[in-house]
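Visitor: Each residue of the sequence shown is one higher than the one before, starting from 0 at the first, in numbering that gives the first Met the number 0.
Glycine residues also receive a C-beta, built at the ideal position from the N, C-alpha and C atoms.
Predicted model only: the values in this text are computed from it and were never measured.
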Amino acid sequence: MQRDLLSDKYRPGGYSSFYIIEPKRRKISAAPFRDRVVHHALVNVLEPLFERRFIFDSYACRRGKGTHRAIKRSQYYLRKHPWCLKTDIVKFFPNIDHIELLRVIGKTVRDEATMGLIRRILHSGEGLLSDEATPHFFEGDDLFSVLRPKGLPIGNLTSQFFANVFLDPIDHFIKEDLRVPGYVRYADDLLLFGDSKAQLWQWQTAITELLEDWRLLLHKNKTHVLPTHCGINFLGMRVFQNGLRFNQNGIRRFNSRVKRFRWLKKRGAINPARITASIRAWLSYARFANTAGIREAIWRRLKF
């Protein structure tokens, strides 16, 4: 593999795809082990170049960040500001435009061999999520615009990393041009905090216009300006100014997962170690909120 990379003969293999249904139906595409090694090596090289550019309040797939820190930071802003704009991007990973992404990466990565490797990795996942992409004509599009390559396979480490790179200019626009006083992003989930409801809607309009330049759309049905004293749903939690509760939808999904595990175990279709790991991970996450009673009740029912 090293020889192939050095001689520019490396070519990614095919993907194995499957669907998950929690928290919503998503297509996961797994690259061959050989390619995953290349992905990790590439991110190890690129990460220091981009990490120094990323804003502090971007929390997905970054060292020292993660869901818990994102929730704590959102709680901090909930206490400081009376209003929150909550929104996310329509079908984010399926709609990431390769031409725009390469343009962003190319501003920092000047080595042509590295850019060639990035192009091959992007091309290897092209079309995997075409059935999930949102058809939309942006200003200036022609009939051939629908053929623009797009989509990052959910499951690649490079996809998570490139997603942060792609939204980094948006982050800087929000923090530096709009001067939003409180902002938290986890992947394509965005929280903006401010002192004026009208101002937040103005910021939403500006962000919508900029995202369209990047061929992305905000979810109209998932864009809300909310009073912070009521709390917000974020990353599976109901986040309040002075406390956390586990989202009821998360509990229902966990109960459904346990039922499915029981069904699979009866048929010998799942490794018990996988069941244990999944349950422990959920309980560990739930421990972050005020869930002692819920966790105890769930633990009593866990009999396989």
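Could you tell me the alpha carbon to alpha carbon distance between W202 and V108, rounded to whole angstroms?
Guide: Start at 1 with the first residue of the sequence shown, and residue 202 comes out as number 203. Start at 1 with the first residue of the sequence shown, and residue 108 comes out as number 109. So the two alpha carbons sit approximately 31 Å from each other.
Visitor: Which term fits C229, buried or exposed, when burial requires 16 or more other beta carbons within 10 angstroms of its beta carbon?
Guide: In the sequence shown, residue 229 corresponds to position 230, counting from 1. It is exposed - the Cβ of C229 has fewer than 16 other Cβ atoms within 10 Å.
Visitor: Just to confirm the assignment, what range does the beta strand (DSSP E) spanning T275 have?
Guide: In the sequence shown, the residue the question calls residue 275 occupies position 276. T275 -> not in any beta strand (DSSP E); alpha helix (DSSP H) instead, spanning 271-285.
Visitor: Just tell me which of N43, S73, K106 has its CA closest to the CA of G181.
Guide: As a first step, residue 181 is located in the sequence shown; it is residue number 182 there, counting from the start. The shortest C-alpha separation from G181 is found at S73.
Visitor: In the DSSP assignment, find the beta strand (DSSP E) that holds A29 and state where it starts and stops.
Guide: Within the sequence shown, residue 29 is the residue found at index 30, counting from 1. Unbroken beta strand (DSSP E) run through A29: 25-29.
Visitor: For R119 and Q198, what's the separation of their Cα atoms in angstroms?
Guide: As a first step, residue 119 must be located in the sequence shown, where it is residue number 120. As a first step, residue 198 must be located in the sequence shown, where it is residue number 199. Distance between the alpha carbons of R119 and Q198 is about 43 Å.
Visitor: Using a Cβ-Cβ cut-off of 6 Å (strictly less than) and excluding sequence neighbours within five positions of I274, which residues of its own chain qualify?
Guide: Taking the sequence shown and counting its residues from 1, one reaches residue 274 at position 275. For I274, where only same-chain residues beyond five positions count, the Cβ hits under 6 Å are F260.
Visitor: Would you call Y18 buried or exposed, if buried means 16 or more other Cβ atoms sit within 10 Å of its Cβ?
Guide: Translated into the one-based positions of the sequence shown, residue 18 becomes position 19. Burial call: exposed.
Visitor: Compute the Euclidean distance between the alpha carbons of G249 and K71, then round it to the nearest angstrom.
Guide: Here residue 249 refers to the residue found at position 250 of the sequence shown. Here residue 71 refers to the residue found at position 72 of the sequence shown. C-alpha separation (whole angstroms): 18 Å.
Visitor: Taking 7 Å as the limit between beta carbons, can you name the residues of its chain near K196, skipping five residues before and five after?
Guide: Residue mapping note: residue 196 aligns to position 197 of the sequence shown, counting from 1. Closer than 7 Å at Cβ, skipping near neighbours: W82, V224.
Visitor: Can you say whether D194 is buried or exposed, counting buried as having 16 or more other CB atoms within 10 angstroms of its CB?
Guide: Residue 194 sits at position 195 when you count from the first residue of the sequence shown. Exposed, because fewer than 16 other Cβ atoms sit within 10 Å of the Cβ of D194.
Visitor: P152 and S28: beta carbons closer than 7 Å?
Guide: Within the sequence shown, residue 152 is the residue found at index 153, counting from 1. Within the sequence shown, residue 28 is the residue found at index 29, counting from 1. Cβ atoms of P152 and S28: closer than 7 Å.
Visitor: Leaving out the 5 sequence neighbours to the left and right, which residues in its chain are closer than 8 Å to V179 when beta-carbon positions are compared?
Guide: The count along the sequence shown starts at 1 and reaches residue 179 at position 180. Counting only Cβ-Cβ distances below 8 Å, and skipping sequence neighbours, we find I173, L191, F192, G193, W202.
Visitor: Alpha carbon to alpha carbon, how far is V89 from F136? Give it in angstroms, no decimals.
Guide: Looking up residue 136 in the sequence shown gives position 137. Looking up residue 89 in the sequence shown gives position 90. Distance between the alpha carbons of F136 and V89 is about 14 Å.
Visitor: Would you kindly check if the distance between the Cβ of T157 and the Cβ of I80 is under 7 Å?
Guide: Indexing the sequence shown from 1 puts residue 80 at position 81. Indexing the sequence shown from 1 puts residue 157 at position 158. Per the sequence shown, residue 80 should be read as His rather than Ile. Contact flag unset, no.
Visitor: Might you give, ordered along the chain, the residues of its own chain that have their beta carbon closer than 8 Å to the beta carbon of A162, omitting 5 neighbours on each side?
Guide: On the sequence shown, residue 162 is found 163 positions in, with the first residue counted as 1. For A162, where only same-chain residues beyond five positions count, the Cβ hits under 8 Å are A59, C60, F91, F92, I95, L151, A186, D187.
Visitor: Just to confirm before moving on: does the CB-CB distance between N220 and G235 stay below 7 Å?
Guide: Working through the sequence shown from its first residue, we reach residue 220 at position 221. Working through the sequence shown from its first residue, we reach residue 235 at position 236. Their beta carbons are not under 7 Å apart, which means N220 does not touch G235 by this criterion.
Visitor: Compute the Euclidean distance between the alpha carbons of K8 and T204, then round it to the nearest angstrom.
Guide: Here residue 8 refers to the residue found at position 9 when the sequence shown is read from its first residue. Here residue 204 refers to the residue found at position 205 when the sequence shown is read from its first residue. Rounded to whole angstroms, K8 to T204 spans 46 Å at the Cα level.
Visitor: Using three-state DSSP, classify C229 as helix, strand or coil.
Guide: By 1-based counting over the sequence shown, the position of residue 229 is 230. Residue state, collapsed to three classes: helix.
Visitor: Within the same chain, show all residues whose beta-carbon is closer than 8 Å to that of R102, passing over the 5 residues directly before and after it, in chain order.
Guide: Mapped onto the sequence shown, residue 102 falls at position 103. Same-chain partners within the cutoff: there are none.
Visitor: If you reduce the DSSP assignment to three classes, tell me which class S15 lands in.
Guide: For the purposes of this step, residue 15 is taken as the residue at position 16 of the sequence shown. Three-state result, S15: strand.
Visitor: Quick one: grab the DSSP three-state call for K64.
Guide: Here residue 64 corresponds to residue number 65 of the sequence shown, with the count starting at 1. Three-state DSSP puts K64 in coil, outside helix and strand.
Visitor: From what residue to what residue does the beta strand (DSSP E) around F192 run?
Guide: On the sequence shown, residue 192 is found 193 positions in, with the first residue counted as 1. Its beta strand (DSSP E) spans residues 188-193.
Visitor: Where does S15 land, buried or exposed, given buried means 16+ other C-beta within 10 angstroms?
Guide: In the sequence shown, counting from the first residue as 1, residue 15 sits at position 16. Label assigned to S15: exposed.
Visitor: Can you give me the C-alpha to C-alpha distance between V145 and L100, rounded to a whole angstrom?
Guide: Your numbering for residue 145 matches position 146 in the sequence shown. Your numbering for residue 100 matches position 101 in the sequence shown. Taking the straight line from one Cα to the other gives about 16 Å.
Visitor: So what does DSSP say about L45, is it helix, strand or coil?
Guide: Your numbering for residue 45 matches position 46 in the sequence shown. Helix, per DSSP.
Visitor: By how many angstroms is the C-alpha of V257 removed from the C-alpha of A280?
Guide: Reading the sequence shown from its first residue, position 281 is the one you call residue 280. Reading the sequence shown from its first residue, position 258 is the one you call residue 257. A280 and V257: Cα-Cα distance of roughly 13 Å.
Visitor: Return yes when the Cβ of Q240 is within less than 7 Å of the Cβ of R78, no when it is not.
Guide: The residue given as residue 78 occupies position 79 in the sequence shown. The residue given as residue 240 occupies position 241 in the sequence shown. In this structure, Q240 lies closer than 7 Å to R78 by Cβ.
Visitor: Please state if the CB of I231 and the CB of K85 are separated by a distance shorter than 7 Å.
Guide: Taking the sequence shown and counting its residues from 1, one reaches residue 85 at position 86. Taking the sequence shown and counting its residues from 1, one reaches residue 231 at position 232. Yes; because the gap between Cβ atoms is below 7 Å, this pair is in contact.
Visitor: Just to confirm the assignment, what range does the beta strand (DSSP E) spanning D87 have?
Guide: Within the sequence shown, residue 87 is the residue found at index 88, counting from 1. Per DSSP, D87 belongs to the beta strand (DSSP E) from 82-87.
Visitor: Compare the C-alpha of D212 against each of V183, I169, L177, W200 and name the closest.
Guide: The residue given as residue 212 occupies position 213 in the sequence shown. Looking at the Cα atoms, I169 is the closest of the given residues.
Visitor: Taking the Cβ atom as the reference point for each residue, do D34 and G12 lie within a distance shorter than 7 Å?
Guide: As a working mapping, residue 34 is identified with position 35 in the sequence shown. As a working mapping, residue 12 is identified with position 13 in the sequence shown. In this structure, G12 lies closer than 7 Å to D34 by Cβ.
Visitor: Excluding five sequence neighbours on each side, which residues of the same chain lie with their C-beta closer than 7 Å to the C-beta of A69?
Guide: Taking the sequence shown and counting its residues from 1, the one referred to as residue 69 is at position 70. Closer than 7 Å at Cβ, skipping near neighbours: Y58, V183, Y185, L234.
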